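Please read the structure below before turning to the comments.
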Amino acid sequence: MTSKQVKPLSGAVRTSAGAVRPLAGVRITGGLLHHWQRRNGTATIPHTIEQLRAAGNVANLSRLLEQDPAPYRGRYPFLDTDLYKTLEGLAYELGDGRAGKPVREFFEEVVGLLERVQAGDGYLNSFFQDPAAAKKPWEDLAWGHELYNLGHLIQAAVAAARRMGDERLLRVAERFADLVVQRFADEGVCGHPEVEMALVELYRETGLRAYLDLAAAFVDRRGSGQLKHSIFAGDYFQDHVPFRELPSVTGHAVRMAYLAAGAADVFLETGDRSLFEALERLWDDMVATKLYVTGGLGSRHSDEAIGDRYELPSERAYSETCAAIAVMQWAWRMFLATGGAKYLDVFERVLYNAYAVGLSADGRAFFYDNPLQRRPDHEQRSGAESGGEPLRRAWFTCPCCPPNIVRWMAQLADYVAAERDGALLVAAYTGARVEGTELGLVMESAYPWDGDVRITVERAPDGPYGLVLRVPGWARGAAVTVNGEPHAAQARDGWLSVERRWAAGDEVRLTLPMPVRAHGSHPYLDATRGAASLARGPLVYCVEQQDSPDAAVDDLMIGVPEIVNANTGRRDDAVVLTVTATAAPPPSAELYPELPLEQALPETTVTATFVPYFLWGNRGPEAMRVWVRTPYATHGKKAK
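Under full-length UniProt numbering, think of the first position of the sequence shown as 1, with each following residue one higher.
Encoded structure:
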């Protein structure tokens, strides 16, 4: 193995002068993100490796070396991807020196198996390579997921090459990709987008234009009638109209966001403006009408799909954890394309809410879907099907989310900072050391629990250089000092820029006030009309029945003044909110009573504690709500 320059996995773009470029020379050293990464290495990764062995993912490969292989284990043809996603995360852990011998042994074992079982022509898929497989390779592009498998293999391979200097997996991925370039030169597209991102990344790594051209072709072939639809109609696959003509994000949520992220990568390399115009239109429509307050995407369980505009039911929110990761991938690429802070605001909202909630506090159990409400009589499956957990599960029959969490957690440092000619852009706040750019610095912060950020310059260029700090959209009254002196510049378009001739030891302090906020919802959003959600900084909060001992959470009624005056406190290092609430009287027993109702019974005053949404579901299966009733109608107009 040879040492190689460390580059970020996603978005290592060959851009023109003045464009935003990702920065890989970052290491997270403190704060909540550091805690998450430590937990990933000490708990989630060992647990995932254990589950992959128990579920048969590793055996599915090793059996192909046998004369009379045992049957394929698992229901789905894409289970190799769970190994690939895990390998991608392990490449970061091993490359950054965060992993020990057991992780190295697993990595070596799986890479060795992949090298040995790959077919002579480069094909690699443990489901379809089985002589007893019910289908032949490439027979069912809609549901076979073969190109989806290739995509995750490529991403793991590129990560290993960049982070570890290990190109063995890259050679495996290139052989498979070369076969795909030949096989799909003129027609064909995968039912599950993902390979588009990976092929662009492989182009960035190798410089071979054929990979980029195929990624662009896959984006353009959607909606052209080349994919045979079964079970679901074309919109489920984003295949009913060409991508540039999609009126809104639609269909399977993970597929949609992966496709958009891949299209964004194609734009970053080709500059195809019509592609970007479609991406921008789809993004703005999604944020305005189809994202949950947590940043979750997908409101339908039946087909894991995005619903209609404003179709955002709390208790039926699907908001798959994989969709959260896909939205962040799309958001980051839109930021690289534009430098727009609004994309990072969504990235951050998803990171701390819709993504973080997918993993238990101990790092060994998961949510697949992420509702914003749990009713007190909700039936929770238990026993063998759920692994015995009351809410979160140790593993799934379709285990796409756990290894996706592993890989994303391992690479969070790639999304802390970026650079532009003459400036360093700080996109996320956490304890971190930023290197690999002209301005080297150390950042210290307890974010997201408070908004104080201290940045110390360790290395400075000879001339003037810009330090550009993101001011989140929720922040009001952000202030900056440089060496203790107030900095006069005001935030513009979500950024606050400090440009000067720096010296080692210079200190910048950023203060982002974090009052408690009350959020309503659009009047077309029927599910939460007349309700409010609580937020502080980037965190959305919820109330669990355990923290409302004197009233059912469904009966809590809280006014906006009570919300914004909530008391903040600490519980297990997390900031929690204690709110004075009204316990509404018992409602009419009729499901649809005639209005107006008779005079209500007297109300009682109670207190309730709200916890960060990402921490719910760690104490048992009781009721939970993000949205609570208020005495206000939508948009703050007091109800009469």
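By construction, the Cβ of each residue, glycine as well, lies at the ideal position given by its N, Cα and C atoms.
In this text, all values refer to a predicted model and were calculated from it rather than measured experimentally.
Could you spell out the range, first to last residue, of the beta strand (DSSP E) harbouring Cys542?
Where Cys542 is concerned, the enclosing beta strand (DSSP E) stretches over 539-544.
Would you check if there are 3 or more beta carbon pairs closer than 8 angstroms linking the region 335-351 to the region 462-476?
A contact exists between the region 335-351 and the region 462-476.
Within 10 angstroms of its Cβ, does Glu594 collect 16 or more other Cβ (buried), or is it exposed?
The residue in question, Glu594, is exposed, as its Cβ has fewer than 16 Cβ neighbours within 10 Å.
Cβ separation of Val20 and Leu441, assumed to be a contact under 8 angstroms, to the nearest whole Å
Contact flag wrong, Cβ pair sits at about 18 angstroms.
Look at the Cβ atom of Glu304, then the Cβ atom of Ala253, and state whether they are nearer than 8 angstroms.
Closer than 8 angstroms, so yes.
Where does Glu507 sit, in a helix, a strand or coil, going by DSSP?
Of the three classes helix, strand and coil, the one that applies to Glu507 here is strand, per DSSP.
Measuring alpha carbon to alpha carbon, tell me which residue in Leu351, Arg364, Lys135 is nearest Trp408.
Minimum Cα distance to Trp408 is reached at Leu351.
DSSP three-state label for Ser230, please.
Looking at Ser230 - three-state DSSP - the assignment turns out to be coil, as it is neither helix nor strand.
Endpoints, the beta strand (DSSP E) within which Pro403 is located:
Run containing Pro403: none in the beta strand (DSSP E); it sits in the alpha helix (DSSP H), 401-410.
Short Cβ contact (8 angstroms threshold) for Ile28 with Gly89:
Their beta carbons are not under 8 angstroms apart, which means Ile28 does not touch Gly89 by this criterion.
Around the Cβ of Ala417, are there at least 16 other Cβ atoms within 10 angstroms (buried) or fewer (exposed)?
It is buried - the Cβ of Ala417 has at least 16 other Cβ atoms within 10 Å.
Looking only at C-alpha atoms, which of Val553, Leu297, Arg162, Arg221 sits nearest to Ser248?
Comparing Cα positions, the closest option is Leu297.
Along the chain, where does the alpha helix (DSSP H) that runs through Val158 open and close?
Going by DSSP, Val158 is part of the alpha helix (DSSP H) stretching over 146-159.
Put Gly95 into one of helix, strand or coil per three-state DSSP.
If DSSP states are grouped into helix, strand and coil, Gly95 belongs with the helices.
Which residue's Cα is closest to the Cα of Leu372: Arg364, Val606, Gly358?
The candidate whose alpha carbon is nearest that of Leu372 is Gly358.
Are the CB atoms of Arg629 and Gly559 nearer to each other than 8 angstroms?
Not a contact, by the Cβ cut-off of 8 angstroms.
If I'm right that Gly25 touches Glu458 with Cβ under 8 angstroms, what's the distance once you round it to whole angstroms?
In fact, because the Cβ distance is near 12 angstroms, the residues do not count as touching under 8 angstroms.
Close beta carbons around Ser314, own chain, < 7 angstroms, minus the five adjacent residues each side
For Ser314, where only same-chain residues beyond five positions count, the Cβ hits under 7 angstroms are Pro371, Leu372, Gln373, Ala527, Thr528, Val626, Trp627.
List in chain order: all unbroken beta strand (DSSP E) runs of 3+ residues lying wholly within the region 162-250.
Taking only runs of at least 3 residues, no beta strand (DSSP E) segment lies wholly in the region 162-250.
Would you kindly report the start and end of the unbroken alpha helix (DSSP H) that includes Arg300?
Careful: Arg300 lies outside any alpha helix (DSSP H) and carries neither H nor E.
Taking Cβ to Cβ, would you say Pro403 is nearer than 8 angstroms to Asp82?
Going by C-beta atoms, Pro403 is nearer than 8 angstroms to Asp82.
Paired residues, beta bridge with Ile28 - DSSP
Beta-bridge pairing links Ile28 to Ala432.
Contacts around Leu525, its chain only, beta-carbon distance under 7 angstroms, and the 5 residues preceding and following it disregarded:
Counting only Cβ-Cβ distances below 7 angstroms, and skipping sequence neighbours, we find Tyr310, Leu312.
From the DSSP output, read off the bridge partner residues of Ala608.
According to DSSP, Ala608 bridges with Val579.
Taking only the alpha-carbon atoms, compute the straight-line gap between Thr2 and Glu105 and give it to the nearest angstrom.
Note that Thr2 scores 33 on pLDDT, short of 50, meaning its location in the model is unreliable; the coordinates nonetheless yield the value given after this. Answer to the nearest angstrom: the Cα atoms are 19 angstroms apart.
For Gly530, would you say it is in contact with chain D, using Cβ-to-Cβ distances shorter than 8 angstroms as the test?
Absent here is chain D; the protein component of the structure consists of one chain.
Report yes if the C-beta distance between Met557 and Pro631 is below 8 angstroms; otherwise report no.
By the CB criterion at 8 angstroms, Met557 and Pro631 fall inside the cutoff.
Following the continuous alpha helix (DSSP H) through Ala568, name the residue where it begins and the one where it ends.
Correcting the residue type first, residue 568 is Thr in the shown sequence and not Ala. First-last for Thr568: 567-571, but that is the beta strand (DSSP E), not the alpha helix (DSSP H).
Separation of Val327 from Tyr258, as counted between CA atoms
Roughly 8 angstroms separates the two Cα atoms.
On the premise that Ala317 lies in contact with Ser299, defined as a C-beta separation below 8 angstroms, what is that separation, rounded to the nearest angstrom?
The C-beta distance from Ser299 to Ala317 rounds to 6 angstroms, short enough to meet the 8 angstroms contact threshold.
Where does the unbroken alpha helix (DSSP H) through Tyr343 begin, and where does it stop?
Where Tyr343 is concerned, the enclosing alpha helix (DSSP H) stretches over 341-349.
Please classify Asn60: is it buried, with 16 or more other beta-carbons within 10 angstroms of its beta-carbon, or exposed?
The residue is buried, with at least 16 neighbouring Cβ atoms inside 10 Å.
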